[in-house]
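Okay, structure first, notes after.
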Amino acid sequence: MESRFIWVLLTLLAISQGVYAMTFADSLALVLILGICVIGIFACLGYYARRRDESFNTL
Numbered sequence: 014m015e016s017r018f019i020w021v022l023l024t025l026l027a028i029s030q031g032v033y034a035m036t037f038a039d040s041l042a043l044v045l046i047l048g049i050c051v052i053g054i055f056a057c058l059g060y061y062a063r064r065r066d067e068s069f070n071t072l
């Protein structure tokens, strides 16, 4: 799983290098936003899993 994340990160950085209008700050902001989005998705999945687990425990 960790190696996939590294490959995705390297791919995104390679793509951003080809865009001339994108500066280092823009690339950094893109990587940070993507990281925050991934963390948010996992947080929502964890919340859903905990909520679903509680409903099974009450049966």
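First residue of the sequence shown? That's 14 in my numbering, and the numbers climb one at a time after it. Each residue gets a CB set at the ideal place from its N, CA and C atoms; glycine is no exception.
Cα-Cα separation between residue i and residue j, rounded to whole angstroms
i, j, result
"E67", "A56", "17 Å"
"R17", "M35", "24 Å"
"R64", "I52", "18 Å"
"E15", "L25", "16 Å"
Min CB distance residue i to chain C below 7 Å
i, result
"F18", "Absent here is chain C; the protein component of the structure consists of one chain."
TODO: Please specify which runs of the alpha helix (DSSP H), each continuous and at least 4 residues long, are wholly inside the stretch 22 to 70, giving them in chain order.
DONE: Complete alpha helix (DSSP H) runs here, min 4: 37 to 70.
Does the count of Cβ pairs from the stretch 17 to 25 and the stretch 36 to 47 closer than 8 Å reach three?
The stretch 17 to 25, when compared against the stretch 36 to 47, does touch it at the 8 Å Cβ threshold.
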